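K.L.:
In our numbering, the protein residues as written are 290 to 425.
1) Give the list of continuous beta strand (DSSP E) stretches no shorter than 3 residues that lie fully inside the region 317 to 397.
2) Out of 409, 345, 307, which one is the CA nearest neighbour of residue 386?
3) Within 10 angstroms of its Cβ, does residue 425 collect 16 or more other Cβ (buried), or is it exposed?
4) What is the DSSP secondary structure of residue 425, reduced to helix, strand or coil?
5) Quick one, which of 422, 344, 361, 393 has its alpha-carbon nearest residue 370's?
6) Does DSSP put residue 414 in a helix, a strand or coil?
7) Helix, strand or coil for residue 409 per DSSP?
8) Quick check on residue 290: does DSSP put it in helix, strand or coil?
9) Measure the C-alpha to C-alpha separation of residue 314 and residue 294 and round it to an integer number of angstroms.
10) I'd like to know if the region 411 to 421 and the region 373 to 390 are in contact, where contact means that at least 3 CB-CB pairs between them fall below 8 Å.
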């Protein structure tokens, strides 16, 4: 069955009108859903400090140990490493913390302690060996 040009035009217009009605209905549904959602949503900036605290959780299992190096608190999050560092002599511990936690070069550490760079290298190597023995 072949439609005439006029009949095709009528079908096309009816289909377009139907599509427009469907899109209008979807738009209204979407706007109603947004209104419902906005009734329940709250901006974080509008929350009281007590409400903000209810939204957060702190992991008490993770204990951070701090070491004082060059008037800075250096956090060590791993408990085993922290315990091993505590067993090192003071100067060796400071050299390890400066080298690996403050990213200082051996020469910078030597300048700070008024030592020769080779001495710092020896202490660093010896400290790493001691840490390995402690951790094993």
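Each residue gets a CB set at the ideal place from its N, CA and C atoms; glycine is no exception.
Computed from a predicted model, the values in this text were never measured in an experiment.
P.N.:
To lay it out plainly:
1) 354 to 358, 361 to 365
2) 409
3) Exposed is the call here.
4) coil
5) 422
6) helix
7) helix
8) coil
9) 30 Å
10) Two segments are said to touch when three or more pairs of C-beta atoms, one from each, lie closer than 8 Å; by this definition the region 411 to 421 touches the region 373 to 390.
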